[in-house]
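K.L.:
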C-alpha cells in the first residue's frame, strides 16, 4: 500500500509486521453523505482525520450518461449480494461503494424533514416515534447543509417548516411540459412547488440540466454529491486524508467492551489496522449495522454497541412507487423534469385521518431504464411511452418495526428482512397522484412499486434516543455502549418521515461535529474567522 495518500504528516503510518498500522485522531468509515460531510466539518479543528472508503473515485466516462450502461447492464453496481430475508433469494441492492457513496447516483433532491416529522405522527399502521431532537435544533444545520450542497429552491410548499434564511440559490425552472402539469395541479386546488435540488445551477455553474441526472453519475461534476461538495474540499486540509479501496472487516474493542481499540480491514489485498482516539461509522444503515454485528466479541456477543438489541432492527426504506403518465401525440423532448413537488397529502387533514406522503418529479425515464422491470414489453413500445410521458416518484412513510432488520447469515452475507408498512395509505397516494395526472391530460397511467432492492432511502438500524435500553446512540450520535464510537448516517433516524433523507444526514453530521465531544481536546484549534 502506498504511503503517498498520507502525505503531509497526517495521519502517521507505521509498518507493523507486514500489517500497515495507521494512527490518527478520528477515523471515519465511509465517504458518503454522512462521512464526507463530517470530514468537511472537521477540516479546520486541528484533528488528524482519516476517511476509509471501500470503493474508489467513480470514473468519468461516456457511460456515465448511458441508460443502457447504467440501468440495463448495471455498469456501476458494485455492492456484494444481499439475501432477501422474506424469500431467501440473493439480490444486488441499490447501494454503491464510491467516494461520495450512493449520492453519486441520487436524484439530488434535498428537502428538509417537516417540523411535525420530529414529533410523534399517527399513521394508518401505527405511530411514528418522536426524535430526541426537535426541528428548532436542526434548523441552523439544515441551512448550512443547503449552502454546502448548492441547494436551489423557493417557497410554495404548504408543509414547509420555518426557515431562518432563504434557500442559498433560486429554484430550477420547469420545462414546458412540467410547467403545464404544475398549472393543471394548481387549477385542481393543489399547491405544486419547486423541488429543492442540489445541482450546480449557480451563476457560472457547470449544470446543463440534462436528462441523465437522477440515478446516473454526473459527467461534468455538477451534481451536489458528497464527493464534490464535501470530500474533495475536505481533502484540501492538511489534516484530512482518504484511504480508498479499503474494506473494513471489523471494529475491535477492549475486554470490557466500552472502548474501541481499532479498525481492521484490507486494502488492495493488504491487511491494515487503524488506531484512533475517536471512531465514526458512516457506512449506510445496512452496512453500518452489518459491521457492528460482525464486530461481536466476548463482551458484546450479539454485536458491538448492541446491549439494547437494537442494532440492525427497525430498518426503514420508504414505501415508494413510480407513477408515469403518458398520452398520445408529439414527443416531449424533455431533459430535466425533476423540478416539481406536491405535499398536499403529506399531513392528515379533513377527510384524511392519516398522512399519505410526498410526490416529486422523477428523473426522465427511458425504455432502457424500465426494461428490467417490464421484460415482456417490447423496447420500442417502452421508448414510445417514455418519450411522451411525465414521470413521478411517490413515497410514503415506513414505520420502524423490530422485525424489519439486518442480520448476518451463516455464510457472512447481509440478510435484509423488510415488510413495508402503510401500504393502504401508499396505494391511496398513488391513486390521488394518478387521478391528478389524468386530469392534467395524461390518460395512460403506469405504476410500479419498488421492492427490497431499492435501498436508496435506507434508514433506522441504530436509532438515536435518550434511553440506552431502547436505542443505540445518544442525541449527539455517540454510542451508549462505547465512549469513543459515533454513528453518522441514516442508521440513527428514529423515523423515516416521507421525504428524501440526504439533507438530514448532512445536517446531522454538521451538528455532530459542532456539538459533540468528537474532537479530542488535545487536537482542538481555534478556527480563524471566515
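Numbering (this note's numbering), first residue to last: 6 to 535. C-beta: ideal position from N, C-alpha, C; glycine also. From a predicted model like this one, the values you see are computed outputs, not experimental measurements.
Considering only DSSP beta bridges, list what residue 248 is partnered with.
P.N.:
In the chain shown, residue 248 corresponds to position 243, counting from 1. The partner list for residue 248 (beta bridge, DSSP) reads 57.
K.L.:
So for residue 513, helix, strand or coil by DSSP?
P.N.:
Walking along the chain shown from the start, residue 513 turns up at place 508. In this structure, residue 513 counts as helix in the three-state DSSP scheme.
K.L.:
For residue 8, count the other beta carbons within 10 Å of its own beta carbon; 16 or more makes it buried, fewer makes it exposed. Which is it?
P.N.:
As a first step, residue 8 must be located in the chain shown, where it is residue number 3. Because the pLDDT of residue 8 is 34, which lies under 50, any placement of that residue in the model is unreliable, and the number read from its coordinates should be weighed accordingly. Its Cβ having fewer than 16 others within 10 Å, residue 8 is exposed.
K.L.:
Span of the alpha helix (DSSP H) holding residue 430?
P.N.:
Position 425 of the chain shown holds residue 430. Note, residue 430: alpha helix (DSSP H), 428-444.
K.L.:
Return the CA-CA distance between residue 161 and residue 145, expressed in angstroms with no decimal places.
P.N.:
Within the chain shown, the letter at position 156 stands for residue 161. Within the chain shown, the letter at position 140 stands for residue 145. Between residue 161 and residue 145, the C-alpha separation is close to 21 angstroms.
K.L.:
Could you tell me whether the segment 461-473 touches the segment 493-503, using the rule of 3 or more Cβ pairs below 8 angstroms?
P.N.:
yes
K.L.:
Ignore the nearest five residues each way along the sequence and tell me which others in residue 520's own chain have a CB closer than 7 angstroms to its CB.
P.N.:
Position 515 of the chain shown, counted from the start, is the residue given in the question as residue 520. Counting only Cβ-Cβ distances below 7 angstroms, and skipping sequence neighbours, we find 481.
K.L.:
Would you mind stating whether residue 437 and residue 491 have Cβ atoms separated by less than 8 angstroms?
P.N.:
Looking up residue 437 in the chain shown gives position 432. Looking up residue 491 in the chain shown gives position 486. No, Cβ-Cβ distance for residue 437 and residue 491 is not below 8 angstroms.
K.L.:
Roughly how many angstroms lie between the CA atoms of residue 460 and residue 421, to the nearest whole one?
P.N.:
For this step, residue 460 is matched to residue 455 along the chain shown. For this step, residue 421 is matched to residue 416 along the chain shown. Cα-Cα distance, rounded: 10 angstroms.
K.L.:
Compute the Euclidean distance between the alpha carbons of residue 424 and residue 407, then round it to the nearest angstrom.
P.N.:
In the chain shown, residue 424 corresponds to position 419, counting from 1. In the chain shown, residue 407 corresponds to position 402, counting from 1. Roughly 11 angstroms separates the two Cα atoms.
K.L.:
Residues in the same chain with beta-carbon distance under 7 angstroms from residue 175, minus the five sequence neighbours each way, listed in chain order, please.
P.N.:
Reading the chain shown from its first residue, position 170 is the one you call residue 175. 157 and 159.
K.L.:
Per the DSSP calculation, residue 452 is bridged to which residue(s)?
P.N.:
Your numbering for residue 452 matches position 447 in the chain shown. For residue 452, which the question treats as bridged, DSSP gives the partners 328.
K.L.:
In angstroms, rounded to a whole number, what distance separates the CA positions of residue 253 and residue 363?
P.N.:
Within the chain shown, the letter at position 248 stands for residue 253. Within the chain shown, the letter at position 358 stands for residue 363. About 36 angstroms.
K.L.:
Span of the beta strand (DSSP E) holding residue 364?
P.N.:
Taking the first residue of the chain shown as 1, we reach residue 364 at position 359. Taken as a continuous stretch (DSSP letters only), the beta strand (DSSP E) holding residue 364 covers 363-366.
K.L.:
Less than 8 angstroms between the beta carbons of residue 58 and residue 249, yes or no?
P.N.:
Here the question's residue 58 lines up with position 53 in the chain shown. Here the question's residue 249 lines up with position 244 in the chain shown. For residue 58 and residue 249, yes; Cβs fall inside 8 angstroms.
K.L.:
Where are the alpha helix (DSSP H) runs, 4 residues long or more, that stay fully inside the segment 457-514, in chain order?
P.N.:
none
K.L.:
If I'm right that residue 114 touches residue 369 with Cβ under 8 angstroms, what's the distance once you round it to whole angstroms?
P.N.:
Counting from one through the chain shown, the residue named residue 114 turns up at place 109. Counting from one through the chain shown, the residue named residue 369 turns up at place 364. Not quite, the Cβ-Cβ distance comes to about 14 angstroms (not below 8 angstroms), so this is no contact.
K.L.:
Over the uninterrupted beta strand (DSSP E) stretch that includes residue 52, give me the two end residues.
P.N.:
Walking along the chain shown from the start, residue 52 turns up at place 47. Premise fails: residue 52 is in no beta strand (DSSP E) and is neither H nor E.
K.L.:
Report yes if the C-beta distance between residue 29 and residue 281 is below 8 angstroms; otherwise report no.
P.N.:
To locate residue 29, count along the chain shown from 1; it is residue 24. To locate residue 281, count along the chain shown from 1; it is residue 276. For residue 29 and residue 281, yes; Cβs fall inside 8 angstroms.
K.L.:
Using 10 angstroms around the beta-carbon of residue 232, count the other beta-carbons present and answer buried if the total reaches 16, otherwise exposed.
P.N.:
Translated into the one-based positions of the chain shown, residue 232 becomes position 227. So residue 232 counts as buried.
K.L.:
Enumerated in chain order, which unbroken segments of the beta strand (DSSP E) with a length of 3 residues or greater are wholly contained in the segment 98-135?
P.N.:
126-128 and 131-133
K.L.:
For the beta strand (DSSP E) containing residue 85, name the first residue and the last one.
P.N.:
Counting from one through the chain shown, the residue named residue 85 turns up at place 80. Premise fails: residue 85 is in no beta strand (DSSP E) and is neither H nor E.
K.L.:
Let me check understanding here. Comparing Cα to Cα, which of 426, 514 and 488 lies closest to residue 129?
P.N.:
Looking up residue 129 in the chain shown gives position 124. For the residues 426, 514 and 488, the minimum Cα distance to residue 129 belongs to 426.
K.L.:
Any chance the segment 214-221 sits against the segment 70-85, with 3 or more Cβ pairs inside 8 angstroms?
P.N.:
yes
K.L.:
Going straight from the alpha carbon of residue 367 to that of residue 200, what length do you get?
P.N.:
On the chain shown, position 362 is the one that residue 367 refers to. On the chain shown, position 195 is the one that residue 200 refers to. CA-CA distance, residue 367 to residue 200, rounds to 11 angstroms.
K.L.:
What separation, rounded to the nearest whole angstrom, lies between the Cα atoms of residue 12 and residue 42?
P.N.:
Position 7 of the chain shown, counting from 1, holds the residue named residue 12. Position 37 of the chain shown, counting from 1, holds the residue named residue 42. Note that residue 12 has pLDDT 36, beneath the 50 cutoff, so the model's placement of it is unreliable and the number below is only indicative. If you take the alpha carbons of residue 12 and residue 42, they lie about 22 angstroms apart.
K.L.:
Okay, do the segment 386-397 and the segment 322-334 touch, 3+ Cβ pairs below 8 angstroms being the bar?
P.N.:
yes
K.L.:
Closest by CA to residue 70, which one among 479, 474, 251 and 222?
P.N.:
Position 65 of the chain shown, counted from the first residue, corresponds to residue 70. For the residues 479, 474, 251 and 222, the minimum Cα distance to residue 70 belongs to 222.
K.L.:
Taking the continuous beta strand (DSSP E) assigned at residue 359, which residues delimit it?
P.N.:
On the chain shown, residue 359 is found 354 positions in, with the first residue counted as 1. It is not in any beta strand (DSSP E) - residue 359 carries neither H nor E in the DSSP assignment.
K.L.:
Could you tell me the distance, in whole angstroms, from the CA atom of residue 443 to the CA atom of residue 190?
P.N.:
The sequence position of residue 443 within the chain shown is 438, counting from 1. The sequence position of residue 190 within the chain shown is 185, counting from 1. Those two C-alpha atoms are separated by around 11 angstroms.
K.L.:
Identify, in the order they occur along the chain, each residue of the same chain with its Cβ nearer than 7 angstroms to the Cβ of residue 240, setting aside the five sequence neighbours on each side.
P.N.:
Position 235 of the chain shown, counted from the first residue, corresponds to residue 240. Here the set comprises 247.
K.L.:
Got a sec? Which residues, its chain only, sit under 6 angstroms from residue 452 by beta carbon, not counting five neighbours each side?
P.N.:
In the chain shown, counting from the first residue as 1, residue 452 sits at position 447. Here the set comprises 326, 328 and 435.
K.L.:
Measure the C-alpha to C-alpha separation of residue 61 and residue 251 and round it to an integer number of angstroms.
P.N.:
Looking up residue 61 in the chain shown gives position 56. Looking up residue 251 in the chain shown gives position 246. If I take the Cα positions, the gap works out to 9 angstroms.
K.L.:
Going by DSSP, name the residue or residues bridged to residue 190.
P.N.:
Position 185 of the chain shown, counting from 1, holds the residue named residue 190. Bridge partners of residue 190: none, in fact.
K.L.:
So which of 488, 288, 447 and 165 has the shortest CA-CA distance to residue 40?
P.N.:
Position 35 of the chain shown, counted from the start, is the residue given in the question as residue 40. Ranking 488, 288, 447 and 165 by Cα distance to residue 40 puts 288 first.
K.L.:
Of the choices 378, 66, 268 and 304, whose alpha-carbon is the least far from that of residue 260?
P.N.:
Along the chain shown, read from residue 1 onward, the residue named residue 260 stands at position 255. The shortest Cα separation from residue 260 among 378, 66, 268 and 304 belongs to 304.
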